[in-house]
Structures are given as C-alpha cells and as structure tokens.
Amino acid sequence: MQKAVEDQPLVLRFENVSRRFGAHTAVDCVGFELRRGEVLTLLGPSGCGKTTTLRIAIGLERAGAGRVHYRDRVVDSPAERIFVAPEQRDMGMVFQSYAIWPHMNVFENVAFPLRTRRTDQGVVAAKVAAILGQVGLTGYEDRSGMQLSGGQQQRVAVARGLIASPDVLLMDEPFSNLDAKLRDQMRAELKILQRRLGLSILFVTHDQTEALALSDRIAVMRDGRIEQIGTPVDLYTNPQVPFVRDFLGQSLLLQGRVVRSETGVVRVRLEHGQVIDASGRNHLTSVTPDMPCLLVIRPEEMVVAVGPEAAVAEPSNTIRATIRTLLFLGPDYEAVVELPQGQLASLHLRREAMWQEGQAIHLGLPADKLQIWDRQKDSHDQHRPRLHVAREG
Ligand SMILES: Nc1ncnc2c1ncn2[C@@H]1O[C@H](COP(=O)(O)OP(=O)(O)O)[C@@H](O)[C@H]1O
Ligand SMILES: [Mg+2]
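The sequence shown runs -18 to 374 under our numbering.
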C-alpha cells in the first residue's frame, strides 16, 4: 500500500509568487505545494500563466515577488535577494513533443544533460544504464532517435529528464502535438511510469481531460491566478466558482428564480414556468424568494427516458426535450437536444435504443444532483475585470 500523498515530504512550494511583463501580470500571487510522488497539474486556457509558472520553478524566469522553495531551500525570493540558477537546481524537464534528437542515439539523448556538465565518462555510462533500466529501455542504447515509437520516445524524454537525479520533473504540454490516439496511449503509459518510479511531476496542460486523467491534484488557473486547487474528483463534483465548473466538463445550466427554500430543498421556477426541486450542493450565499438562480447538473447525472413516468423518482423533476441532432460516436450517441426554454444542450445517449432526430424525450433531474448557483455571481465571474494591482517591487 502506497503512503498517502499528504504524508510525503514537500518537494516544491510556491508562496505568493507573482511575475509581471510590463503592465501585464502573467502570474498573480500563485501558491501551491507539490509532494513527493504526486502529479500536480496547472490547468487553464492559453495565456493564463502556466508556462511562466513552470519557468519560474526551474529558474528560467525570475519571480517578481513571492518565494519558491525546492527541496529544503529557498531558490527564488526577490525580497531576500535569493536566486539559484537553473543548473544548480537540478530539476528535470520534459519538453513539448519530447524533443528527441533524431540523429543521436538513445544513449546520447539521455546522457545529454550530463555532457553539458562535463561529467566523467564512467559516471555517465553507469547513470545512463541505470536510468534506461528504470524506464525499461535497456538494450536500446544504440537505437537512433528516428527508430523509436511514440512510447519509446516518451521514455527516452523522461529518462533524460531524470538523469541528473532531480526531485521533480516538469512537463509543459508534452502531448500537445501528438495525434489523438497516441496522446491517449502516452497518457496511460506516463501514469504507469510515474506510479512505478514514484515520480513527482509538475504538469502543465490546457486539456481538461488530460488533467483529470493524470493528476493527483489540479490547480485551475485563470488570468495568472489559481482559482481552485483540488483532486480531479473534488474539482469536478464540487467546483467553487463558475469558471472551474465550466472549464472542467460540461454542465446543463437552467435559468430560474427561487420560489422557496425548506430543509435543504430549494424550489425553483424555471423560465418556462415549470417548478423543480433541488437538494444538491447549494452555491447560493443566501436564499431569498424570487432571487435569480441557476440549476446546474452534469449531463451524465440526468436520467433519459422516452416517457415522463420512467425518468426519475420525482416525476415533477422531469423536463421535456426534443432531439435535434444525433451524432453516432461508436460507443454511444452524442445528441443535441432542445429544452423547453429553447436552450440547446448536448448529452450522450445509449446506443442500444432507437433514437431519432425530432423525437421527444424526457430528462429526469434527480434533486440531489441539482446544484443551485447564484445567477448574479455567475455573470460577475464571466465578466470579472482584470485588476492590475501593483504587488511587485
Ligand atoms: N517573456 C515575456 N514577455 C512578455 N510577455 C510574456 C512573456 N512570457 C509570457 N508573457 C505573457 O504572459 C502571459 C502568460 O503566458 P504563459 O505563461 O506562456 O501562458 P500559458 O503557458 O498559460 O499559455 C501571456 O499573456 C503571455 O503573452
Ligand atoms: Mg504555455
């Protein structure tokens, strides 16, 4: 049985780290902790500051404010005038698309970081042999970079990242240029390798599926800030802010107004007049009659039925929908359905049933799966102004 991640020693810690480029705050008061054996992912849209955060970790970029700890020392702290150069930090890096040099063989690719440090030949040979053994590439020393499969390239890249015995491996969108099938395969292989070797990884991606699949914890970033940190399941089932809810997976959002609230059940009138009871997580700061709210449910929590009676235990919590488009995906169908409010929603339908475009269906909304959000908070979050607060010296 593996020791729980929380009991493991800290490897890397960011404390209120900020970094500006001119007037633009690329990294804004970022704080997180990475523990031994953990995969922590920075997830967010392009331009939100992921790469800059990673470059600050390894020392290719300096923090403007805050503090970075690695192993048992501070490696960057402008206020204390501390900055440890990248070559003295000994962190491992895996680059986008692995950056294997095709004209070099596996041995030379892996040995490369040591070559630049003028390490003794015998030590290089022993280290490369040991690390190739760990990643399962013993016997591939003389293979050229061009003769490697995708999986082998990934293992060479990881081996190269690990050759200087770092405590953390940094990976910046390593799968982003791979085709979809290879990407899925590499994801699973990386997870197996990471678990087997107990690697600590700071991973960066804009792909939420990748983040959910690979990570022990995810920090969702937006505009240089961390919006929420948690396990994938925690973030998916209990998002604290609209941005996290909408960035991770899909949700059906139904607009309505509160009718009343009693013993954990909030009754809501939807825009087309139908009344629905919700008892899932409550994201309302206070519940007052007539306040604008949103009922939110993950599509897979809805119960799809042809007749209204079968849809859900509480028949009144059933809304009508019409199938507008059916996409056959293989394992199931993706359907775009039209709701009573005219709203379109996407959901997956079982392959076994005979679905048709134009068909009327019923969507059961289990009360305990319906979250209630404050609609005002939602619109505030979507249009949140960027504040340029001068935090750096
Ligand atoms: N060296 C730089 N000079 C000026 N602006 C930069 C520099 N590096 C990054 N930025 C800006 O900082 C923001 C965050 O960039 P980046 O960390 O690369 O985001 P991400 O990796 O999440 O896409 C972007 O707006 C980017 O244009
Ligand atoms: Mg980037």
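C-beta: ideal position from N, C-alpha, C; glycine also.
Helix, strand or coil at residue i [DSSP, three-state]
i, result
"M432", "Here the chain covers residues -18 to 374 and nothing more, so residue 432 does not appear."
"N263", "strand"
"P273", "strand"
"N90", "helix"
"Y121", "coil"
"S157", "coil"
"V(-2)", "strand"
"Q134", "helix"
"A66", "coil"
"D188", "coil"
"V256", "strand"
"R99", "coil"
"S360", "helix"
"E295", "coil"
"L183", "strand"
"D204", "coil"
"G245", "coil"
"L143", "helix"
"Q221", "coil"
"I112", "helix"
"Q352", "strand"
"V104", "helix"
Residues of its chain near residue i, where Cβ-Cβ distance is below 6 Å and the 5 sequence neighbours each way are ignored
i, result
"R365", "Low confidence applies to R365: its pLDDT is 47, below 50, so where it sits in the model is not reliable, and the reading given next is rough at best. Once the five neighbours on either side are set aside, R365 has no close Cβ partner at all."
"G339", "none"
"M127", "P83"
"G12", "F(-5), E(-4), N(-3)"
"G73", "G142, L143, P147, L150"
"S125", "N86"
"E61", "none"
Chain-order list of residues whose beta-carbon lies under 8 Å from that of residue i (same chain, five-residue window excluded)
i, result
"P280", "Q231, S232, L233, A326, S327, L328, H329"
"S267", "none"
"L251", "L235, Q236, G237, I257, L276, I300, P321, Q322"
"R54", "V65"
"S27", "H187"
"P(-10)", "R16, R17"
"P312", "R332"
Own chain residues within Cβ distance below 7 Å of residue i, not counting five before or after
i, result
"T119", "L113"
"E191", "F156, R168"
Opposing strand residues paired with residue i [DSSP bridges]
i, result
"G381", "The chain is shown from -18 up to 374; residue 381 falls before or after that span and cannot be answered."
"W336", "DSSP output for W336 lists no bridge partner at all."
"G377", "With the chain running from -18 to 374 in the structure shown, residue 377 is simply not present."
"M283", "According to DSSP, which records beta bridges pairwise, M283 is partnered with nothing at all."
"R331", "D313"
"R54", "Y51"
"I173", "Note: I173 sits in no beta bridge, so no partner."
"G126", "Its beta-bridge partners do not exist; DSSP assigns none."
"M74", "L151"
Beta carbon nearer than 5 Å to a non-hydrogen atom of ligand 1: Ordered along the chain, the selected set is F2, A7, S27, G28, C29, G30, K31, T32, T33.
Runs of alpha helix (DSSP H) wholly within the segment 9 to 47 (minimum 4 residues, chain order): The qualifying runs are 31 to 39.
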